[in-house]
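Data block below; observations after.
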Amino acid sequence: MSDVQNWIKETVSSTPVVLFMKGTAQFPQCGFSGRAIQILKACGVENIATVNVLEDPEVRQGIKEYSNWPTIPQLYVNGEFVGGSDIMSEMYESGELKALLQNNG
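When you line the sequence shown up against my numbering, it's residues 67 to 171, in that order.
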């Protein structure tokens with residue numbers, strides 16, 4: 067496992083809720099990342115840990131390899147990959163995401 071993969075594993079394992087995104091929670095750099103932040107806030111997550119993949123090309127590529135998921139944003143809860151903004155939207159609409167975050171976040 068590369069240094070980037072180890073860093074990603076440590077990050078998602080040590081932080082209950084982590085969103086790998088383009089930009090920051092205060093200033094998302096793409097619509098999908100902005101939507102992901104809105105969903106997390108709507109679920110009551112106040113301290114959203116984010117990783118701006120635009121700051122490090124190795125992390126940007128590494129997270130795609132780590133999750134075997136081609137797009138960003140990517141949400142992790144207690145070390146488990148949840149999904150991107152589409153999956154987050156579906157889970158939010160069904161109430162599943164809020165329950166997951168309240169139980170684990």
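Ideal Cβ placement from N, Cα and C applies to all residues, glycine included.
Helix, strand or coil for residue i? Go by DSSP, reduced to three states.
{"i": "T77", "result": "helix"}
{"i": "E112", "result": "coil"}
{"i": "Q140", "result": "strand"}
{"i": "N72", "result": "helix"}
{"i": "G100", "result": "helix"}
{"i": "G128", "result": "helix"}
{"i": "N134", "result": "coil"}
State the CB to CB distance for the pair residue i and residue j, rounded to an integer number of angstroms; the pair is presumed to be in contact (CB under 8 Å).
{"i": "R101", "j": "S151", "result": "5 Å"}
{"i": "Q71", "j": "Y142", "result": "About 14 Å; that fails the 8 Å criterion."}
{"i": "I74", "j": "G149", "result": "At roughly 16 Å, the Cβ-Cβ gap does not stay under 8 Å, so I74 and G149 are not in contact."}
{"i": "I105", "j": "A91", "result": "Actually they are not in contact, since the Cβ atoms of I105 and A91 sit about 12 Å apart, beyond 8 Å."}
{"i": "V117", "j": "V84", "result": "7 Å"}
{"i": "I138", "j": "V119", "result": "6 Å"}
{"i": "G145", "j": "V78", "result": "5 Å"}
Check the DSSP bridge columns for residue i and list the partner residues they point to.
{"i": "G150", "result": "BP columns for G150 are empty, so no partner."}
{"i": "G89", "result": "P94"}
{"i": "V117", "result": "F86"}
Drop a sphere of 10 angstroms on the beta-carbon of residue i, count the other beta-carbons inside from all chains shown, and report buried for 16 or more, exposed for fewer.
{"i": "K88", "result": "buried"}
{"i": "Q140", "result": "buried"}
{"i": "N134", "result": "exposed"}
{"i": "N169", "result": "exposed"}
{"i": "S99", "result": "buried"}
{"i": "F93", "result": "exposed"}
Residue i: beta carbon under 7 Å from a heavy atom of the ligand COA?
{"i": "V119", "result": "In the structure on display, the ligand COA does not appear, and there are no ligands present to speak of."}
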